[in-house]
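Undergrad:
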Amino acid sequence: MGLSEKDLCREFNVSRTPLREAMAKLESMKLVTIIPRFGTNVSPIDIDEIRCAFEVKIKLESLAVELAVDRIESEQLKALDGVIQEVVQLNEGDAYHRHHRLIELEKRFHRIILQAAQNPILEEFLDNLHYRCARLWSSSLSQVVPNEDILDQMKNIYQALAEGNAESAGRHMAQHIQYFIEKIKMRLL
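According to our numbering, the sequence shown holds residues 21 to 209 in order.
Written out as structure tokens, the structure reads:
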């Protein structure tokens with residue numbers, strides 16, 4: 021899919037220089053392909069690359085929650101509990117809106133844990149992985165709505181954090197990520 025530099029500049033009300041810088045950043049993240057004198061295209065989703073990214077994501081998300089066990093503050097635990105309570109309330113509305121709200125709450129849940137881990141390098145790696153995986157997440161998980169499995173997984177992670185059990189927290193986080201990977205596989209096959 022070709023991207024028009026002129027149209028993008030107009031849509032985002034920016035000049036060509038910042039747009040080209042943004043495109044270079046997107047290319048470094050393998051989200052677009054820039055072909056000199058021809059233009060910029062959205063990169064196709066490479067299933068093998070995504071598989072590799074998810075393998076790393078499971079380990080890094082588990083590491084983040086394990087680090088957070090000893091570093092999390094009471095306010096962050098309260099914030100995680102608040103996210104869980106919002107997921108509990110996601111029974112109303114159509115599936116489309118519930119799905120999008122769940123994705124927002126999932127991001128917030130993981131962001132709180134990542135901030136509690138207090139490791140900016142880990143945060144940078146996970147942010148990069150998030151962008152690589154986000155296209156597949158959103159397109160493949162459009163039918164995933166809040167359910168008891170997701171809620172139980174979030175509660176288990178929270179409980180392990182509250183109890184200071186790094187091994188349990190890491191294991192539950194890995195199961196949580198794996199759950200979504202399995203949903204993606206089912207959708208793609």
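Using N, Cα and C, we set each Cβ at its ideal position, and we do this for glycine too.
Does DSSP classify glycine 190 as helix, strand or coil?
TA: The residue labelled residue 190 in the question sits at position 170 within the sequence shown. Helix, per DSSP.
Undergrad: Relative to the alpha-carbon of glutamine 105, which residue among Gln135, Arg30 and Tyr178 has its alpha-carbon at the smallest distance?
TA: Working through the sequence shown from its first residue, we reach residue 105 at position 85. Ranking Gln135, Arg30 and Tyr178 by Cα distance to glutamine 105 puts Tyr178 first.
Undergrad: Once you ignore the five residues that flank valine 103 on each side, which residues in its own chain have a CB closer than 8 Å to its CB?
TA: To locate residue 103, count along the sequence shown from 1; it is residue 83. Here the set comprises Leu125, Arg128, Phe129, Ile132 and Met174.
Undergrad: In the DSSP assignment, find the unbroken alpha helix (DSSP H) run with asparagine 176 in it and report its ends.
TA: On the sequence shown, residue 176 is found 156 positions in, with the first residue counted as 1. 168-183 is the extent of the alpha helix (DSSP H) around asparagine 176.
Undergrad: When DSSP builds the beta bridges, which residues end up paired with leucine 16?
TA: Residue 16 is absent from the structure shown; the chain starts at 21 and stops at 209.
Undergrad: Is the number of C-beta pairs between the stretch 137-152 and the stretch 68-88 that are closer than 8 Å three or more?
TA: Enough Cβ pairs lie closer than 8 Å, so yes.
Undergrad: With DSSP as the reference, label valine 85 as helix, strand or coil.
TA: Position 65 of the sequence shown holds residue 85. Helix at valine 85.
Undergrad: Within a Cβ cutoff of 7 Å, which residues of the same chain sit near alanine 88, ignoring the five residues on either side of it in sequence?
TA: Walking along the sequence shown from the start, residue 88 turns up at place 68. Counting only Cβ-Cβ distances below 7 Å, and skipping sequence neighbours, we find Ile133, Ala136, Ala137 and Leu181.
Undergrad: Taking a contact to mean a Cβ-Cβ separation below 7 Å, would you say asparagine 156 touches isoleucine 70 in this structure?
TA: Here residue 156 corresponds to residue number 136 of the sequence shown, with the count starting at 1. Here residue 70 corresponds to residue number 50 of the sequence shown, with the count starting at 1. Correcting the residue identity first, residue 156 is leucine in this sequence and not asparagine. Taking 7 Å as the Cβ cut-off, leucine 156 and isoleucine 70 qualify as a contacting pair.
Undergrad: Under the three-state reduction of DSSP, which class applies to valine 52: helix, strand or coil?
TA: What you label residue 52 is simply residue 32 of the sequence shown in a count that begins at 1. Here valine 52 sits in strand by DSSP.
Undergrad: Straight-line CA distance for phenylalanine 74 to alanine 194?
TA: Within the sequence shown, residue 74 is the residue found at index 54, counting from 1. Within the sequence shown, residue 194 is the residue found at index 174, counting from 1. Taking the straight line from one Cα to the other gives about 11 Å.
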